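Residue numbers (our numbering): 376 to 590.
If you want it as structure tokens, here you go:
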């Protein structure tokens, strides 16, 4: 149904999107009540900074990554930047830090999203594209939906800091999943190069033996 690469990419997104699902319902409340200068208006401005940064980054970066490759490594970097954001929320005591967090969030998303699209699309099974996209959408949506209620309840009981830290841990687990994928990919490349080198050596030996027989 799905190869290992697709499963690991989907698992990574489940961790990351579920992590941010914990804080999405409470972020505006946190900004409005817990950050100096925070209002509903400044919360909206923070969201604008995120979306604008992501939009400005992802298009030129997509052109670059299509020409240069190493998509998984760039996705790891983008996901790592995203994982920093909940930690920045914890330390935010002014809207300037919130704006910085949203800027980093947009940058990380701008790096991670185009690479994810390329990697996921290249691994789709022909004739099963709609089904596999639906599996991804359903899995991540269920995780995000469940996280919304859990995050609101956690913030109500344990506070914003605990909720933000848990979101950061979830995002880091998404990074770890991608590191496992990158390691497997590197091992495959290394094994293939070894096999090619062995094949070339065997070919040279065969050619030498053939030359001796002609003598």
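Idealized CB from N, CA, C, for every residue including glycine.
All values reported here derive from a predicted model rather than from experimental measurement.
Apart from the 5 residues on each side of it in sequence, residue 507 sits with its Cβ closer than 6 Å to the Cβ of 499 in its chain, given in chain order. Distance from the CA atom of residue 433 to the CA atom of residue 494, rounded to whole angstroms, is 15 Å.
When DSSP states are grouped into helix, strand and coil, residue 411 belongs to the strand group. By the Cβ test, the stretch 458-466 is in contact with the stretch 529-543, since at least three Cβ pairs between them sit closer than 8 Å.
The alpha-carbon of residue 473 is positioned some 36 Å away from that of residue 497. In this structure, residue 530 sits away from residue 451, with a CB-CB distance that is not shorter than 7 Å. When only Cα atoms are considered, residue 447 and residue 525 end up about 30 Å apart. No Cβ-Cβ contact shorter than 7 Å links residue 519 with residue 465. About 7 Å separates the Cβ atoms of residue 549 and residue 388, confirming a contact at the 8 Å cut-off.
Between residue 486 and residue 453, the C-beta gap is smaller than 7 Å, which places the two residues in contact. The beta carbons of residue 547 and residue 383 sit no closer together than 7 Å.
DSSP places residue 401 outside any alpha helix (DSSP H), giving it a letter other than H or E.
In terms of Cβ geometry, residue 515 and residue 386 do not form a close pair [threshold 7 Å]. The beta-carbon separation of residue 417 and residue 470, rounded to 5 Å, stays under the 8 Å limit for a contact.
By the CB criterion at 7 Å, residue 479 and residue 456 fall inside the cutoff.
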